[in-house]
């Protein structure tokens, strides 16, 4: 038997009595676990295995299947359900993690997806950071934690560190200042201004104590949102239904 902390990312029915849950673990892996008797009202696994529940879980393996033995909730992000846009954005984050994080990770390999997810859900639930900021922050930092961050250090052609305007390639993950022209890429690059570039550097390199402490004006934030969304979609290579639903809830167009 193994006991660890986890966050419920998804759940789905399994037969008449049970369900499967997908759990983000403290090791930044995603584990599928079967919950027996989850549909019984008196089941101890009902409240502690809801979506967006962070808790302690005891799991035992039988063959290739993991079974939940006991569960104790630490925090349930229940207030996310009070807003359709918050709920849809949280669902997008969950699906993004579930589809991108590996089931196994080498011990000692640096990755802190759990902390990113918990902190982002906290700010989303409490409304202490705007949704428009949390979305590109989460996307870009997740890619960083997974080792797929773009190169934000300098213009790839002339080495300029802080150009006023720049073209950022979605496919190649680097930028060229406006004086050097458009990067060689198959698709149209995103035009960014220096505040958006500085925000990207902050998101990629800041420690978690400072990660959520930055501001951007509406235009720069919109440009950053366009880039991070396109970057995630291109490099992960699959569409997410939850993202389309979030766009529908907010009236935004696809990036």
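In my numbering, the protein residues as written are 73 to 327.
We treat Cβ as the ideally placed atom computed from N, Cα and C, and that holds for glycine.
- Note on geometry: alpha-carbon atoms of residue 97 and residue 253 lie some 44 Å from one another.
- Counting only the Cα atoms, residue 76 lies some 16 Å from residue 106.
- Going by DSSP, residue 316 is part of the alpha helix (DSSP H) stretching over 313 to 322.
- Excluding sequence positions up to five before and after residue 288, its CB lies within less than 8 Å of the CB of 205, 267, 268, 271 and 296, all in the same chain and listed in chain order.
- The C-beta distance from residue 161 to residue 212 rounds to 15 Å, too long to meet the 8 Å contact threshold.
- In the pairwise beta carbon analysis, the segment 243 to 250 is classified as not touching the segment 276 to 288: fewer than three pairs are separated by under 8 Å.
- With respect to the 8 Å criterion, residue 248 and residue 239 are classified as neighbours on the basis of their beta carbons.
- Annotated three-state conformation of residue 307 is helix, per DSSP.
- In this structure, DSSP gives residue 233 a state outside helix and strand, which the three-state scheme calls coil.
- Fully contained in the segment 105 to 166 are the following beta strand (DSSP E) runs of length 3 or more, in chain order: 125 to 134 and 137 to 148.
- Between residue 148 and residue 125, the C-beta spacing is below 8 Å.
- Cβ-Cβ separation between residue 132 and residue 141: approximately 5 Å, consistent with a contact (criterion under 8 Å).
- Residues of the same chain with a CB within less than 6 Å of the CB of residue 139, apart from the 5 flanking positions on each side, are 106 and 132 in chain order.
- With fewer than 16 other beta carbons inside 10 angstroms of its own, residue 251 counts as exposed.
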